[in-house]
Amino acid sequence: MKSKGTGTSAREKVFEGLPVGAGIAIGTVFRHDSHALVQVRERRIPATKIRSEQHRVLEAAAEATGRIETLQGEAKRMAGPAGEELGYILEAYTQMLSGSRLVRGVQKRIAQERINAEAAVMKEIGLMAEAFAAMDDPYLAARMADIREVGRRLVESLGKAESDGFEALPANAVIVADEFSPADTALLDPERVAGLVTMLGGVESHTAIVARSLGLPAVVAAHNIHDAAENGMTIIVDGGTGIVIVDPTAVTLAKYRRKRASFVKSQQSLKKLKTVAAVTRDGFRVGLQANIEHPADVDAALAAGAEGVGLFRSEFMFMNRADLPSEEEQFSELSSAVKKMGGRPVTIRTLDVGADKLGDAFGMKPGPNPALGLRAIRFSLSRRKLLLIQLSAILRASAFGPVRILLPMVCMVDEVRQVRRMLTRLTAQLKRRGVKIADPPPPLGIMIEIPGAALAADALAAEADFFAIGTNDLTQYTLAVDRSDDQVAYLYNPLHPAVLRLIQFSAEAALAARIPVSVCGEMAGDERMTPILLGFGITELSMSSNSLPRVKKRILALNLSAISGQVRRMTGESDPAKVKAIIEDLGKGS
Ligand code: PEP
Ligand code: MG
1 MKSKGTGTSA
11 REKVFEGLPV
21 GAGIAIGTVF
31 RHDSHALVQV
41 RERRIPATKI
51 RSEQHRVLEA
61 AAEATGRIET
71 LQGEAKRMAG
81 PAGEELGYIL
91 EAYTQMLSGS
101 RLVRGVQKRI
111 AQERINAEAA
121 VMKEIGLMAE
131 AFAAMDDPYL
141 AARMADIREV
151 GRRLVESLGK
161 AESDGFEALP
171 ANAVIVADEF
181 SPADTALLDP
191 ERVAGLVTML
201 GGVESHTAIV
211 ARSLGLPAVV
221 AAHNIHDAAE
231 NGMTIIVDGG
241 TGIVIVDPTA
251 VTLAKYRRKR
261 ASFVKSQQSL
271 KKLKTVAAVT
281 RDGFRVGLQA
291 NIEHPADVDA
301 ALAAGAEGVG
311 LFRSEFMFMN
321 RADLPSEEEQ
331 FSELSSAVKK
341 MGGRPVTIRT
351 LDVGADKLGD
361 AFGMKPGPNP
371 ALGLRAIRFS
381 LSRRKLLLIQ
391 LSAILRASAF
401 GPVRILLPMV
411 CMVDEVRQVR
421 RMLTRLTAQL
431 KRRGVKIADP
441 PPPLGIMIEI
451 PGAALAADAL
461 AAEADFFAIG
471 TNDLTQYTLA
481 VDRSDDQVAY
491 LYNPLHPAVL
501 RLIQFSAEAA
511 LAARIPVSVC
521 GEMAGDERMT
531 PILLGFGITE
541 LSMSSNSLPR
551 VKKRILALNL
561 SAISGQVRRM
571 TGESDPAKVK
581 AIIEDLGKGS
């Protein structure tokens, strides 16, 4: 952490992490502990309960006051200025609890919003903290910390610190977490979240992917952020530089408000590209598609001008639940996305659970090395009934628009063959039963995300109908660097020659076999990588919707023929630093 000397508040704390989701967020800290959730749950209460809920607040205030008075007694026994200082602070606390603005505000909120006391306390604290932050007076800033502390004591006295994820999210919340799992995402109301900061995680971790897909400014690996960021504090997240500022001064706030306004303006100008075709200056047409995690993401995909869904991660249906989704439920979710895409292709990936994407519903226990264990297609093939249900739901969804089936983590030809046989039988059964499915049935493609699959791409291209190169896992497995481990994040580099060569080899194998090939890892959404991927002959890219306009802008400015020499030179390089230099060079020219 760097402590800032600028501004008038000694409290401003600056942290530097890894930038993962562009944009600036200015919001209120909401701490989330994914391992031990202790948050306040907001509950609606009936009108008849208002009085008793307000009474509970008074009782809790009295109880909290009693506990503070005991502390005051102890403070008196402490020698010297420390005891005296503590005495003043505790005195201020008791004053705040006796018929104060805080208690009155909470009671009013209970009556007006008809919510439980705990939630009303949290909301009131958030509001007061915001007002204090805007004042930028060191004395008032100190009071703000006091108010938070009193609020915490009040909730404690209410005795109901309930465990419930994100239900008490204040509007404009910046979630500060140790880490953020795909399961957490499903619980989140994106409307209320302004940004995301985690202590752990790498740039291609799921936190990062989630942030990009939600269009949230985000920073990962902001070590020690927990020491400074408390619920209700104002926080700035610069997802472009990785800077996080807790409790900013008015000067800093003003600076970042200007920065945010200019970012929003540039995003708006990118939006104008929505209907423009992605064609390079020398006439190469590129297909730009969206990665989605939920049918609701289709709106963002269409708004960004996506020509299809290149990767629909189907895990969302299996997260945060103890049972399994029925075929009907899966069919309804998948077909809703297919319908909404209005005739554009939708690539549905079968379940990719395991390792960091553990589904509660399966009662899965991580093996000795989960990333190399029973996950993705391996897991599906070990639970055939489950796979059959999912395939059946996908086939039925294909009646509503062009669908492609994508298998994750394939490493053997036989895995493709097994699924193909299952699909052939299932198609025949469904047809016999008169169930409508696409004719011809959906193509069956595979993710290339294991180095062994990339090196066997020529053999796999003879079995699969298309390839989708997953550069996130491909980088992780090629370099033996866990994509979500911040301790080795400095080694996670998709520009490593080994990774680039595997991508190139896979692309060439697909082109030779005349099957479509796309990239759907995060690399596809990084416009600095666009020239390389196109240089490898890849003309389909799938990315989070938010990245799409930037990548399109890069394509429109690109003269592919002019850079083919540099791309060739780059793949001959064995030093990642030199590769990086060539890429920077490509960035300057076409
Ligand atoms: C990948 O590994 O690149 C990929 C797209 O899949 P996921 O990020 O869902 O593992
Ligand atoms: Mg993957």
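Everything in the sequence shown is counted per the numbering used here, starting at 1 for the first residue and increasing by one. Even glycine gets a Cβ: it sits at the ideal position worked out from N, Cα and C. These figures come from a predicted structure and were not determined experimentally.
Of the residues the options, the one placed nearest residue i, counting alpha carbons only
i      : options                        : result
Ser547 : Gln289, Gly445, Ile235         : Gln289
Thr198 : Gly445, Arg417, Ser506, Val237 : Val237
Thr571 : His496, Thr539, Met409         : His496
Val519 : Ser380, Thr28, Asn472          : Asn472
Ala111 : Ala221, Gln54, Ala22           : Gln54
Leu216 : Phe379, Asp189, Gly232         : Asp189
Gly23  : Asn224, Val103, Tyr256         : Tyr256
Leu491 : Ala211, Val203, Leu127         : Val203
Asn172 : Ile50, Thr28, Ala457           : Thr28
Val286 : Ile583, Leu556, Ser561         : Leu556
Ile583 : Met543, Glu540, Ser542, Leu534 : Leu534
Arg501 : Lys552, Arg568, Thr539, Ser545 : Arg568
Gln268 : Ser561, Leu558, Ala581, Pro549 : Pro549
Glu591 : His32, Ser544, Ala61, Ala301   : Residue coverage of the chain in this structure runs from 1 to 590, which leaves residue 591 outside it and unanswerable.
Val193 : His223, Gly525, Ile235, Ala228 : Ile235
Pro407 : Leu455, Ile450, Pro170         : In the sequence as displayed, the identity of residue 407 is Leu instead of Pro. Here the closest residue by C-alpha is Ile450.
Spatial neighbours of residue i in its chain, beta-carbon cut-off 7 Å, leaving aside the 5 residues before and after
i      : result
Leu586 : Pro531, Ile563, Gln566
Phe331 : Ala393, Arg396, Ala397
Gly201 : Glu179, Thr207, Ala208, Val220, Ala221, Ser484, Asp486
Arg44  : Arg114, Ile115
Gln504 : Phe536, Thr571
Ser205 : Val220, Arg483, Ser484
Residue(s) in a DSSP beta bridge with residue i
i      : result
Asp238 : Ile24, Ile243
His32  : Ala177
Ser518 : Ala468, Glu540
Met447 : Ala468
Asn291 : Leu311, Ser544
Thr347 : Arg404
Gly66  : Its beta-bridge partners do not exist; DSSP assigns none.
Leu196 : Ile175, Ala218
Ile115 : Arg44
Pro19  : Val219
Arg285 : Val279
Cutoff 6 Å; reference residue i; Cβ partners in own chain excluding five residues on either side
i      : result
Val106 : Val57, Ala120, Val121, Glu124
Ala36  : The pLDDT assigned to Ala36 is 39, lower than 50, so where the model puts this residue is not dependable, and the model offers no usable value.
Met529 : Met523
Val481 : Val488, Leu491, Tyr492
Lys4   : At Lys4, the pLDDT of 38 sits below 50, so the modelled position is not reliable; the number obtained from the coordinates is stated separately. Result list for Lys4: Glu12, Val14, in chain order.
Gly7   : Note that Gly7 has pLDDT 38, beneath the 50 cutoff, so the model's placement of it is unreliable and no number is given.
heavy atom of the ligand MG below 8 Å from residue i C-beta
i      : result
Met543 : no
Gly434 : no
Pro591 : The structure shown does not extend to residue 591, since the chain is modelled only from 1 through 590, so no value can be given for it.
Met233 : no
Met409 : yes
Residues near residue i in its chain [Cβ-Cβ closer than 8 Å; skip 5 each side]
i      : result
Glu63  : Ser157
Val630 : For the chain, the structure presents residues 1 to 590; residue 630 sits outside this window and is missing.
Lys2   : Here Lys2 scores only 44 on pLDDT, less than 50, and its place in the model should not be relied on; the value that follows carries that caveat. The residues are Val14, Phe15, Glu16.
Any non-hydrogen atom of the ligand PEP closer than 8 Å to residue i Cβ
i      : result
Thr471 : yes
Leu311 : yes
Leu474 : yes
Glu449 : yes
Ile592 : Since the first residue of the chain shown is 1 and the last is 590, residue 592 is not available in this structure.
Cys520 : yes
Pro370 : no
Glu179 : no
Asp352 : yes
Glu12  : no
Asn291 : yes
Glu540 : no
Glu204 : yes
Within-9 Å CB hit, residue i to chain E
i      : result
Met409 : Structure shown: chain E not included; a single protein chain is present.
Report task. Pair every Cβ in the region 393-409 with every Cβ in the region 427-442, then say whether three or more of these pairs are closer than 8 Å. Result -> yes
**Report entry** Inter-stretch contact (C-beta, 8 Å, three-pair minimum) for the region 509-522 and the region 458-465
**Finding:** yes
Requested in this report: Evaluate the contact criterion for the region 411-424 versus the region 376-386: three or more CB pairs, one atom per stretch, below 8 Å.
Outcome: yes
Query raised in the report: Should the region 572-580 be called in touch with the region 233-252, which here means at least 3 C-beta pairs below 8 Å?
Result: no
Query raised in the report: Okay, do the region 416-433 and the region 475-484 touch, 3+ Cβ pairs below 8 Å being the bar?
Result: no
Query - Cβ pair count under 8 Å reaching 3, the region 289-300 against the region 332-348 - result: yes
Query raised in the report: Just checking, does the region 302-310 make contact with the region 342-355 on the three C-beta pairs under 8 Å criterion?
Result: yes
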